[in-house]
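Each remark here refers to the structure printed beneath this line.
Numbering (the working numbering), first residue to last: 1 to 748.
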């Protein structure tokens, strides 16, 4: 039972294999022509394609065409035999009324111009055999049926076309009539076209399948109902265009094509006719938009008054729409600009508190901006549009223009005041209090729209060549919120530093216990703020006071640092000596009561525009640290006296050039034996220049070259002598002569 089921399951597979094998043997040349009958209109051009596939031989195939009205075929034309054409077709083929047009290596088209009823019949396409075996079909036939021309297309009037002159926004209608009396069941395809240049463009079509199809660029207008195609009595097709614009000007024609369904159910176009209906000229509506004034300058808190004048040649009923814009740049587009106010064609004005838009007369629209401030400085421009009513009661915008921008400069009312800083309490010793008062004087405007804030700064007195930098202690923003700097944050939170406002015109800084680190210069900056229309505050002016110095004499020495070199310009490979020299002023200390941390840095540039590189450091315990180096030169750092430290660069290279300086951190031992760290001191840089010693650079290569040349010359001479002495010597063999005595003449 199991074997029988297995045999039954194999049977479909065997049948499939047998079918594939049969198809493989049956494969051969296939010649194809369209499925007939082909219905064509008398007097039109007919194109009949023919192709061949599954063939052997060369890729380019040849074709023969023959024609038969009843039984016998008459030869028409061939792609490879010029004598193939029968006598009755020679004249038409010679004039080009019948010709072959090759579309590819395996396909051609038979083209018959001005086909006549006598051309109705069977057309056979044949291909000569180039196959190894004869398989498939080598020809194919198609029936062509020629019908009379029953299509007529005409305009709505007797004359061929009419001329229309319209204005933008107007509506117009065009009509054409198309009818066919074809004996076959045909459909008409009607297309309205326009020619504004040298080419025709489709506007709207009613296809042979009964569908409306807008042309490219007319889709949106068709969806909005501005373009319609309606059918009427007497086979008329009416094109309706509303809201005409300049792009609607041109020549209009009605293009009608006749279609028939073929044997394969596909639609085939059998003929096409057109008629020009009208020439339409659209007169553009002129509109000029100008702001009456040019550049405007107003003072802050005054009013800005601008008038937009519009002129148009439009007659009849229309309404104007006006919109005012503001932008910070004259090159901004409308999408980047800010809309201030607008008045639509119904005279409805958008709302605003400080800005108003009024209709002065029919052609003038006024923009009034009250209480202007500096932020209102910029460019103002006016945009106007003309709207006309339509037949359905709606309004249509026919033209829109934008004025040139007008520059408006709002001059700020800058507050006028002075700032004075004085010290009400100055310390004479450490831990004494310090109090500074920053006072505003001669303020001209103290109304509610003006506000003053203070910023406190500190500058340390440095004992080196470094630039003095200011440090922010505290600052106030527009709402008098105190923002603390890094230097004073912790001490302010602990109550050691107090910032306060003593009066309307006086701000105070108090240090409860002044330390030596507080010694230096102090100054204050008074900022004036004004309030804008949106209640925001904007800083208008900063006035800086003169600095006040907080300093008292101390019992410690003052340290100074400098860098010195006897020879800052050296050659490659030489030794560079740089000295970091420390000097003291004031109180003299024993060497054992002073100690220093010394660090050497280099900036690899002629200007100090790069990051410094740490070369080496020597701490106060005598431990030397060096940074990693890429070249072959080496560094050494040593203390040569209590106040002198020497940096040596051994075997200088090109990359050792640059500005070199040292930073010293002094440590002083107090009377109680406690070591105290003093502020870092930076020396003024010295530039180290490294040059190339040309003589030394080439001395050894020259000596080596001369020596090698001498050795090679002597060796060459020795080799030549030996060769000539032993290797090239030849032995000369002398010809042996026989010694014979002369015979006497008598013996001859």
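No residue lacks a Cβ here, since even glycine has one placed at the ideal position from N, Cα and C.
Report the partner residues of residue i according to the DSSP bridge assignment.
i	result
residue 125	65 and 140
residue 120	Beta-bridge pairing links residue 120 to no other residue.
residue 685	Per DSSP, none; premise fails for residue 685.
residue 231	237
residue 83	The partner list for residue 83 (beta bridge, DSSP) is empty, contrary to what the question assumes.
residue 382	324
residue 426	None; residue 426 has no bridge partner.
residue 77	65
residue 341	324
residue 576	649
residue 523	457
residue 318	In DSSP, residue 318 forms no bridge with anything.
residue 679	None; residue 679 has no bridge partner.
residue 602	613 and 660
residue 50	108
residue 596	666
residue 155	176
With distances taken Cα to Cα, identify the nearest neighbour of residue i among the options.
i	options	result
residue 562	223, 382 and 582	582
residue 443	670, 44 and 414	414
residue 291	475, 405 and 147	405
residue 479	539, 495, 509 and 490	539
residue 72	122, 94 and 537	122
residue 408	300, 52 and 87	300
residue 378	328, 359 and 411	328
residue 670	594, 112 and 726	594
residue 310	332, 339, 385 and 265	385
residue 131	360, 715 and 28	28
residue 570	489, 460 and 655	655
residue 239	330, 191, 701 and 220	191
residue 496	504, 248, 515 and 95	515
residue 580	543, 36 and 660	660
residue 410	457, 441 and 295	295
residue 58	334, 129 and 454	129
residue 319	332, 338, 333 and 287	287
residue 257	137, 248, 150 and 227	150
residue 565	432, 649 and 508	649
residue 297	588, 499 and 412	412
residue 293	527, 105, 585 and 381	381
residue 262	85, 235, 184 and 230	184
On the premise that residue j lies in contact with residue i, defined as a C-beta separation below 8 Å, what is that separation, rounded to the nearest angstrom?
i	j	result
residue 203	residue 109	The Cβ separation is near 32 Å, so there is no contact.
residue 596	residue 679	Going by Cβ atoms, the distance from residue 596 to residue 679 rounds to 13 Å, so no, they are not a contact pair.
residue 241	residue 171	7 Å
residue 647	residue 575	No, residue 647 and residue 575 are not in contact; Cβ-Cβ is about 11 Å, not under 8 Å.
residue 54	residue 30	5 Å
residue 177	residue 148	Rounded, the Cβ-Cβ distance is 20 Å, inconsistent with contact.
residue 179	residue 152	6 Å
residue 627	residue 598	Actually they do not touch by this definition, with Cβ atoms about 14 Å apart.
residue 193	residue 253	5 Å
residue 590	residue 560	With 8 Å as the limit, residue 590 and residue 560 do not qualify as a contact, their Cβ atoms being about 19 Å apart.
Cβ contact check for the stretch 297–305 and the stretch 361–369: 3 or more pairs under 8 Å: yes
Three or more C-beta pairs below 8 Å linking the stretch 137–151 and the stretch 197–207: no
Inter-stretch contact at 8 Å, needing at least 3 Cβ pairs: the stretch 521–537 / the stretch 436–443: yes
Validate contact between the stretch 415–430 and the stretch 318–336 using beta carbons, cut 8 Å, 3 pairs: no
Contiguous alpha helix (DSSP H) assignments of at least 4 residues, all confined to the stretch 177–217: none
Whole runs of the beta strand (DSSP E) within the stretch 435–508, excluding any shorter than 3 residues: 450–460, 470–476, 482–484 and 497–503
Touching by the beta-carbon criterion (3+ pairs, under 8 Å), the stretch 642–652 and the stretch 620–630: no
Sufficient close CB pairs (3 or more, under 8 Å) joining the stretch 166–181 to the stretch 264–278: yes
Beta strand (DSSP E) segments (min. 3 residues) lying fully within the stretch 607–632: 613–618 and 624–626
At least three beta-carbon pairs within less than 8 Å, the stretch 62–76 to the stretch 208–218: no
Secondary structure, beta strand (DSSP E): runs of 3+ residues fully inside the stretch 226–313: 227–232, 236–241, 250–261, 267–283, 287–291, 296–299 and 304–312
Contact between the stretch 78–85 and the stretch 52–64 (3+ Cβ pairs under 8 Å): yes
Contact the stretch 373–388 vs the stretch 352–361: 3+ CB pairs below 8 Å: no
The stretch 594–610 in contact with the stretch 675–691 per 3-pair CB rule at 8 Å: yes
Any 3 or more C-beta pairs closer than 8 Å across the stretch 33–44 and the stretch 259–272: yes
Segment contact, 8 Å Cβ cut-off, at least three pairs: the stretch 542–560 with the stretch 466–476: no
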